Amino acid sequence: MTQHFTELFSIDCRHSYFADGVARPVALTPTADCVELLRRYRLLLRRRSGGCTVYYDRADPLALLARFDEGAPFNFMLTSSDPYLFNYTEWPFAGGGMAASIAAFDNRQDFPNGLLHPPGAPSTAAALPVQTGPFTQPLAQAVQAVDVALRGGLGWQTVWQTRTSAQMQSSVMVDTTGLASGQYQLWVANEKQSEFCLCDGFSATCWGLVSIYAGGSAQAAQLPAGRFPIGVDGKIDAQHYQIALASRSTIWRYYLINRQAQRPGGGAVVVDDRRGDASGAPPGIQFVKLDRSVAVDGVPATVFESQGPLPLLQTPGAQLQLSYRAGSGELGAARDVPLPYPAPSALAADRDQPQRLRSDMYVYL
136 MTQHFTELFS
146 IDCRHSYFAD
156 GVARPVALTP
166 TADCVELLRR
176 YRLLLRRRSG
186 GCTVYYDRAD
196 PLALLARFDE
206 GAPFNFMLTS
216 SDPYLFNYTE
226 WPFAGGGMAA
236 SIAAFDNRQD
246 FPNGLLHPPG
256 APSTAAALPV
266 QTGPFTQPLA
276 QAVQAVDVAL
286 RGGLGWQTVW
296 QTRTSAQMQS
306 SVMVDTTGLA
316 SGQYQLWVAN
326 EKQSEFCLCD
336 GFSATCWGLV
346 SIYAGGSAQA
356 AQLPAGRFPI
366 GVDGKIDAQH
376 YQIALASRST
386 IWRYYLINRQ
396 AQRPGGGAVV
406 VDDRRGDASG
416 APPGIQFVKL
426 DRSVAVDGVP
436 ATVFESQGPL
446 PLLQTPGAQL
456 QLSYRAGSGE
466 LGAARDVPLP
476 YPAPSALAAD
486 RDQPQRLRSD
496 MYVYL
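In the numbering used here, the protein residues as written are 136 to 500.
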């Protein structure tokens, strides 16, 4: 039997930190229920650095996708092989793939360019607590003889429910046995208590969950037009989804240390900025010398700091070059000393402004 595999949908994670824009440390792994969904419809998954593609067989004699009537999405866990990913990524959650919270992305809203989040703001994705199985939910106030329900899916349908006992209780036991991975809401006495992500196979490297609702007879009417690959009639319109991560910006600070135990003076940090904007004009970067006495291991140092935050880049040398231009007679003769670029592993919180992150670099002249 001849098979003709054609793209159904793809997901790519982009990142401005990398020169080619591909978030190479990021991997998308299908959850167990997603693997079963792929098998059921004879779909082929091909994973790659920073993304994956799902293919279908155009010559499928059973025409399985023409009868696609699933209510569940295709779920993929986002993981990272780089422990410093969230050091160089603009992100509000404490550390990214922490057990406390996870970012949830899906195609339920109509964002441009296939984005699974608002343009320019992937960090606004819902930060939801993670559950890996049955759990106990504390309540703000005690209840008795009330309905408890879990709602999930496109229309937040009830997928599990129970009723508490006649005795007052300040927590409820939530049974997630048999439920697929995804986003759920917990309702108690017809009031929403919380929202969470149920994730099988969750680990410390997980930081996000991507849910792709493919359409078909059960989903298409509830999704934005042109945002799903399978029409009500079974016709295929391949979709390309993406998550666009932004590089974190920090204050760059250079400590210039003279090996002769003399404080450098009269020089300046020179910036060769080839990045430019749409008009071709460089954005302009300036460094100022801080008026303070600093010693590094007992050796005098002069401190230069960027006047504003600068983005961290994997290979900034092609766009941005920095050097210290020594003053006249300094270091024996006037010359330019190349300056290093910040490493994602070396971030420091500013003592005066704790919310401001700094990249400290030490240069021996």
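Idealized CB from N, CA, C, for every residue including glycine.
All values derive from a computational prediction rather than experimental measurement.
From the listed residues Glu-205, Pro-253, Trp-226 and Phe-363, the smallest Cα separation to Ala-315 is found for Glu-205. Along the stretch 167 to 223, the alpha helix (DSSP H) occurs as fully enclosed runs of 4 or more residues at 167 to 175, listed in sequence order. Taking C-beta atoms as the reference points, Tyr-499 and Ile-146 fail to come closer than 7 Å.
Remark: C-beta atoms of Asp-192 and Arg-175 do not approach each other more closely than 7 Å. The Cβ-Cβ distance between Gln-421 and Gln-442 falls below 7 Å. Here Tyr-348 is near Asn-242, since their CB atoms are less than 7 Å apart. The beta carbon of Ala-284 is closer than 6 Å to those of Thr-293, Gln-296 and Trp-322 in its chain, skipping five residues each way along the sequence. Within the DSSP secondary-structure output, Met-496 pairs in a beta bridge with Tyr-389. Listed in chain order, the non-local C-beta contacts of Glu-225 below 8 Å within the same chain comprise Ser-258, Leu-380, Ala-381, Ser-382, Arg-383 and Ser-384, local neighbours out to five positions each way being set aside. Here Lys-424 has Phe-439 as same chain residues with Cβ atoms under 6 Å from its own Cβ, once five neighbours each way along the sequence are excluded.
Boundaries cannot be given for Gly-336, as no beta strand (DSSP E) includes it and DSSP labels it neither H nor E. Of Ala-277, Val-404, Arg-183 and Ala-239, the smallest CA-CA separation from Met-303 is found for Ala-277. In the three-state reduction of the DSSP assignment, Ala-356 falls in the helix class. Approximately 5 Å separates the beta-carbon atoms of Ala-483 and Arg-493; this is inside 8 Å, confirming the contact. In this structure, Asn-393 lies away from Gly-317, with their beta-carbon atoms at least 7 Å apart.
The alpha-carbon separation between Val-405 and Cys-341 amounts to approximately 41 Å. Pairing Phe-221 with Leu-263 gives a Cβ-Cβ distance that is not under 7 Å. The C-alpha of Val-472 lies about 5 Å from the C-alpha of Ser-458.
By the neighbour-count definition (other C-beta atoms within 10 Å, threshold 16), Arg-388 is a buried residue. The three-state secondary structure of Pro-160, taken from DSSP, is coil.
Ranking Thr-437, Leu-180 and Ile-378 by CA distance to the CA of Ala-239 puts Ile-378 first. At least 7 Å separates the beta-carbon of Arg-362 from that of Gln-320. One Cα belongs to Leu-180, the other to Cys-187, and the distance between them is close to 7 Å. Per the C-alpha coordinates, the member of Ser-184, Gln-279, Pro-160 and Met-212 positioned closest to Tyr-223 is Pro-160.
With respect to the C-alpha of Pro-218, the residue from Met-496, Ala-481, Asp-487 and Gln-490 having the closest C-alpha is Ala-481. Taking a C-beta distance under 7 Å as the contact criterion, Thr-267 and Met-212 do not qualify as a contact pair. The C-beta separation of Arg-182 from Ala-162 comes to about 7 Å, placing the pair in contact by the 8 Å criterion. Rounded to the nearest whole angstrom, the C-alpha separation of Phe-144 and Thr-166 is 17 Å. A straight line joining the alpha-carbon of Ser-184 with that of Gly-462 spans about 47 Å. Beyond the five residues adjoining it in sequence on each side, Asp-335 comes within less than 8 Å, by CB distance, of Thr-166, Ala-167, Asp-168, Thr-267 and Ser-316 in the same chain, given in chain order. Note on geometry: alpha-carbon atoms of Leu-197 and Ala-339 lie some 41 Å from one another.
In the three-state DSSP reduction, Pro-479 falls in the coil class, being neither helix nor strand. Between the alpha carbons of Val-281 and Glu-326 lies a gap of roughly 11 Å. Excluding five sequence positions before and after Ser-216, the CB atoms of its chain that fall closer than 6 Å to its own CB belong to Pro-160, given in chain order. Under the three-state reduction of DSSP, Pro-451 is assigned to helix. Listed in chain order, the non-local C-beta contacts of Met-496 below 6 Å within the same chain comprise Tyr-389 and Pro-475, local neighbours out to five positions each way being set aside.
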